[in-house]
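Residue numbers (the UniProt record's numbering): 1 to 223.
C-beta: ideal position from N, C-alpha, C; glycine also.
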């Protein structure tokens with residue numbers, strides 16, 4: 001959605017104000033490069049950095065990963081992949097700024113309430129997710145309505161992606177419980193990798209979550 005240098009100034013600002021070394025990864029972009037290209041680039045860059053901290057004069061005990069939106073998704077995926085690693089320094093923290101963490105349900109309260117809010121509408125969120133997963137936006141309507149998820153997967157991940165987990169005060173405005181449409185196996189075949197935690201970090205097993213570093217998660221409500 002944005003050019004590779006879109007975050008250059010904010011990275012410079014963070015480096016200047018914090019006195020920290022900031023590495024901004026120019027990962028490959030969809031749709032030319034589908035998942036897992038961006039994830040692999042970020043993981044490789046982080047591993048290389050952790051292996052050469054002395055060269056950069058960085059304290060091994062003070063390394064964090066950070067990203068916003070799609071970058072927050074990638075930071076979370078990298079953090080999970082490195083959790084429990086015995087041959088690399090442990091990450092000190094993960095900073096996830098309005099991260100994209102799941103592509104199972106686009107009918108949750110916030111999606112319904114803010115479906116027409118720019119810059120990222122509900123439909124555009126699905127559009128970009130599909131570009132990343134499969135390289136095009138076909139099956140957009142099916143994913144919007146929820147027919148891309150088999151019943152057993154919906155049941156398995158329901159404990160994480162469930163409106164019942166949200167306080168009632170956040171469901172007063174503009175929300176109606178959504179009943180998924182009939183499951184369409186053909187659509188699932190095209191997007192089935194959404195169950196992979198490196199694509200949707202929210203679905204990581206508890207054994208991984210328990211090993212994660214200290215986390216800061218920011219939500220701006222309308223993203």
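- At the C-beta level, residue 102 and residue 190 stay beyond 8 Å of one another.
- Taking residue 34 as the centre and dropping the five residues before and after it, the same chain places the C-beta of 135 closer than 6 Å to its C-beta, in chain order.
- In this structure residue 24 is in contact with residue 7, their Cβ atoms being roughly 6 Å apart against a cut-off of 8 Å.
- If you look at residue 44, you'll find it in the alpha helix (DSSP H) that goes 37 to 51.
- Annotation for residue 152: the continuous alpha helix (DSSP H) segment containing it runs 151 to 157.
- Cβ neighbours of residue 72 within its own chain (closer than 7 Å, five residues either side excluded): 96, 97, 98, 99 and 100.
- Each residue's CA atom was taken as its position, placing residue 111 and residue 125 some 9 Å apart.
- According to DSSP, residue pairing for residue 67 in a beta bridge involves 96.
- Around the Cβ of residue 3, a 10 Å sphere holds fewer than 16 other Cβ atoms; the residue is exposed.
- Per DSSP, the continuous alpha helix (DSSP H) segment holding residue 144 begins and ends at 140 to 145.
- Rounded to whole angstroms, residue 168 and residue 161 show a C-alpha spacing of 15 Å.
- Assigned with DSSP and collapsed to three states, residue 216 falls in strand.
- By the C-beta density criterion, residue 201 is buried, having at least 16 other C-beta atoms within 10 angstroms.
- With 16 or more other CB atoms across the displayed protein chains lying within 10 angstroms of its CB, residue 75 is buried.
- Non-local C-beta neighbours of residue 14 in its own chain, meaning closer than 6 Å and more than five positions away in sequence, comprise 22, ordered along the chain.
- The continuous alpha helix (DSSP H) containing residue 188 extends over residues 185 to 191.
- Of the other Cβ atoms in all chains shown, 16 or more fall within 10 Å of the Cβ of residue 122; this residue is therefore buried.
- Between residue 170 and residue 109, the C-beta spacing is below 8 Å.
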